[in-house]
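Novice: Before I ask anything, let me first share the structure, which is written out below as structure tokens.
Residue numbers (full-length UniProt numbering), protein chains in the order written: chain A, 1 to 325; chain B, 1 to 246.
Laid out in structure tokens, this is it:
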């Protein structure tokens, strides 16, 4: 038996979220007294693949089929299922991204496995195999027993530290899978990446600066953007802001937007309705800047400034500029 | 066009989440249930497509009798009929099996649901249904249009961008904003919903593959540290030296 980790790439590199999954997988392998193999698909360079050794991966199966450079669920699942059978994988680990969720759900059916997504901690393996997952939009945790022979785990982003054993490299083995045209029936016709203007992508960001209605209009967003730029952060917004089209929908964090859990979340002019908190409550440190001392967000914050954003934020930008980077 | 929309019954977004004294189950006491907000985008888009192109919208819920008020609400919003699979939704695999069983008997052109439920946040059922039925699943889609009678064009969110996908019917897709603008039922809708067909069927035999054994709540935060707005720059120093996040 072994542990198999599915890693995703972006522009030749392995995504940080996948490094977290690899770290998780190799720790599980260690507990179970076995080794961790990664299966990699798509546009990832060999140096990055070999570096997975630093996360404890001993072997990487790499399928370099050009058709897999873009994500196609059915084709990816076929590749990973083949790798799982070849390696006799009893535990499969992936990062709970949109791609990971699709792959994991399909594999659970195909391999007759138990699946838990949104997982926040390493499993307990004495007795039943149990993982902890985030539920009720971050308001609670649940311990879930995975009762099938094959256990599939989707790790929530930014909850597992990336382990690093510098200098250790993984062996790369070429891996190919016979794929039919039918596996590409839902292949994208077109992929459009957001223009972040050289900035940071929100779902992968470790620091996020977010603005709400308190900023009064889209013309004032330079405050959010300038602070984000100084801190190397991504920008986000509240639901009313995206509903009014001040900012694009993909920046909306909250219950019905995207869920993030960065190391630092700075909320400017956001009152902190429970629906907004549901999208950000797993952030490690929360800063709230609001002129209303009664804003509910202060209850969930680690640091707060009661003050006018138009006066406070320029001071923060100045202080951030002075930071020794 | 025959559209199946799967809805789940979830605690209202403003609910305080509590568990029973032994932490083994969710405490329903005093909790208001709503249609899962993500599912509402699917429901409204299905109704819009029906209004534009003709066809029927069937609502499906896997749940016990107490979910019926929200099934009626979906009918009041504009679905034509409803099916309730009479079972407690034990886990995603169990629910996906029930949906697939209903779908196999009815030949739907598309099966829609929200990208996840706001209670268990699993994001599993749609892709499992696609896999069980052997049809494509496009998740999470935020735009859905028909190109012609047999092909749909969807836009799906990926980390950092979007993909445009064209698929032949039948397919599964999940919804999120801004796929549609959810509607509030009007008086006429509420009146007609009472007489629309709501069929109850028994579940097919299948095992759940996971078991929820315990619940807990996150530790409470230690309280907010307030910084004088005049010295706002001090925040940056604290974030670097105390919180160590910069």
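Beta carbons: idealized from backbone N, C-alpha and C, even for Gly.
Determine, using beta carbons only, whether residue 20 (chain B) and residue 12 (chain B) come nearer to each other than 8 Å.
Specialist: No.
Novice: Just to confirm the assignment, what range does the alpha helix (DSSP H) spanning residue 93 (chain B) have?
Specialist: Its alpha helix (DSSP H) spans residues 92-106.
Novice: Between the alpha carbons of residue 112 (chain A) and residue 154 (chain A), how many angstroms are there, rounded?
Specialist: Looking at the two C-alpha atoms, the distance is approximately 16 Å.
Novice: Mind checking residue 179 (chain B): buried by the 16 CB within 10 Å criterion, or exposed?
Specialist: By the neighbour-count rule (16 or more Cβ atoms within 10 Å), residue 179 (chain B) is buried.
Novice: Measuring straight from C-alpha to C-alpha, what distance separates residue 17 (chain A) and residue 114 (chain B)?
Specialist: Looking at the two C-alpha atoms, the distance is approximately 24 Å.
Novice: Between the beta-carbon of residue 58 (chain A) and the beta-carbon of residue 37 (chain A), is there less than 8 Å?
Specialist: Yes, the Cβ-Cβ distance between residue 58 (chain A) and residue 37 (chain A) is below 8 Å.
Novice: Have a look at residue 145 (chain A) and residue 234 (chain B) and give me their C-alpha separation to the nearest angstrom.
Specialist: Distance between the alpha carbons of residue 145 (chain A) and residue 234 (chain B): 46 Å.
Novice: Establish whether the CB of residue 93 (chain B) and some CB of chain A are separated by less than 8 Å.
Specialist: Interface residue, yes.
Novice: Secondary structure at residue 297 (chain A), three-state DSSP: helix, strand or coil?
Specialist: It is helical.
Novice: Within 8 Å (strictly less), CB to CB, does residue 57 (chain A) reach chain B?
Specialist: It does not; no Cβ of chain B falls within 8 Å.
Novice: Are any of the Cβ atoms in chain B nearer than 8 Å to that of residue 102 (chain A)?
Specialist: Answer yes: the Cβ-Cβ gap between residue 102 (chain A) and chain B drops below 8 Å somewhere.
Novice: Indicate whether the contact test is met: 3 or more Cβ pairs, each with one atom in the region 103-112 of chain B and one in the region 73-81 of chain A, closer than 8 Å.
Specialist: No, because fewer than three Cβ pairs between the region 103-112 of chain B and the region 73-81 of chain A fall closer than 8 Å, the two stretches do not touch.
Novice: Determine the closest residue to residue 20 (chain A) out of A:204, A:66, A:147, A:116, with distance taken between C-alpha atoms.
Specialist: Closest by alpha carbon: A:204.
Novice: Taking just the CA atoms, how far does residue 29 (chain A) sit from residue 61 (chain A)?
Specialist: Spanning the two alpha carbons is a distance of roughly 17 Å.
Novice: Just mark residue 89 (chain B) as buried or exposed, buried being the case when its beta carbon has 16 or more other beta carbons within 10 Å.
Specialist: With 16 or more other Cβ atoms within 10 Å, it is buried.
Novice: Nearest to residue 81 (chain B) by CA position, among B:199, B:6, B:157, B:23, is which residue?
Specialist: Per the Cα distances, B:199.
Novice: Within the continuous alpha helix (DSSP H) that includes residue 253 (chain A), where are the two ends?
Specialist: Here residue 253 (chain A) belongs to no alpha helix (DSSP H), and DSSP marks it neither H nor E.
Novice: Closer than 7 Å between beta carbons: that is the criterion. Which residues of the region 211-233 of chain A meet it against chain C?
Specialist: Within the model displayed, chain C is absent; protein chains A and B are what it includes.
Novice: Select from B:229, B:222, B:201, B:43 the residue whose C-alpha is nearest the C-alpha of residue 65 (chain B).
Specialist: When only C-alpha atoms are compared, the closest one is B:201.
Novice: For the region 77-95 of chain A, which residues have a CB atom closer than 9 Å to at least one CB atom of chain B, in sequence order?
Specialist: The region 77-95 of chain A vs chain B, Cβ under 9 Å: 77.
Novice: If you run the structure through DSSP and keep just helix, strand and coil, what is residue 240 (chain A)?
Specialist: Of the three classes helix, strand and coil, the one that applies to residue 240 (chain A) here is helix, per DSSP.
Novice: Determine, using beta carbons only, whether residue 268 (chain A) and residue 306 (chain A) come nearer to each other than 8 Å.
Specialist: Contact: no.
Novice: Can you give, in chain order, each stretch of the beta strand (DSSP E) that sits fully within the region 58-98 of chain A and has at least 3 residues?
Specialist: With a minimum length of 3 residues, the continuous beta strand (DSSP E) runs that stay inside the region 58-98 of chain A are 59-63, 89-95.
Novice: Alpha carbon to alpha carbon, how far is residue 243 (chain B) from residue 224 (chain B)?
Specialist: If I take the Cα positions, the gap works out to 13 Å.
Novice: Can you find the residues in the same chain that come closer than 7 Å, C-beta to C-beta, to residue 103 (chain A), ignoring five residues on each side of it along the sequence?
Specialist: Correct list, in chain order: 6, 73, 76, 77, 80, 94.
Novice: Just list the residues that DSSP pairs residue 234 (chain A) with in beta bridges.
Specialist: DSSP output for residue 234 (chain A) lists A:208 as bridge partner(s).
Novice: Please list, in chain order, the chain A residues whose beta carbon lies closer than 9 Å to that of residue 128 (chain B).
Specialist: Neighbours of residue 128 (chain B) on chain A, chain order: 105, 106, 108, 109, 115.
Novice: Grab me the residues of residue 151 (chain B)'s own chain with a C-beta within less than 8 Å of its C-beta, minus the 5 sequence neighbours each way, in chain order.
Specialist: Hits under 8 Å: 166, 167, 168, 169.
Novice: Take every Cβ of the region 163-183 of chain A, pair it with every Cβ of the region 227-240 of chain A, and state whether three or more of those distances are shorter than 8 Å.
Specialist: Output reads no: the region 227-240 of chain A does not touch the region 163-183 of chain A.
Novice: Taking 8 Å as the threshold (C-beta atoms), are residue 231 (chain A) and residue 320 (chain A) in contact?
Specialist: Contact flag set, yes.
Novice: With H, G and I counted as helix, E and B as strand and the rest as coil, what does DSSP make of residue 200 (chain B)?
Specialist: It is a strand residue.
Novice: Is it the case that the Cβ atoms of residue 70 (chain B) and residue 9 (chain B) are separated by a distance below 8 Å?
Specialist: Yes, these two residues count as a Cβ contact at 8 Å.
Novice: Near residue 123 (chain A), what residues of its chain come up, given a Cβ to Cβ distance below 7 Å and the 5 sequence neighbours on each side ignored?
Specialist: Same-chain partners within the cutoff: 28, 129, 130, 131.
Novice: What do you reckon, are the CB atoms on residue 3 (chain A) and residue 32 (chain A) nearer than 8 Å?
Specialist: For residue 3 (chain A) and residue 32 (chain A), yes; Cβs fall inside 8 Å.
Novice: State yes or no: is the beta carbon of residue 263 (chain A) nearer than 8 Å to at least one beta carbon in chain B?
Specialist: Judged by the 8 Å Cβ criterion, residue 263 (chain A) is in contact with chain B.
Novice: What does DSSP give as the partner residue(s) for residue 188 (chain A) in the beta ladder?
Specialist: Paired residue(s): B:165.
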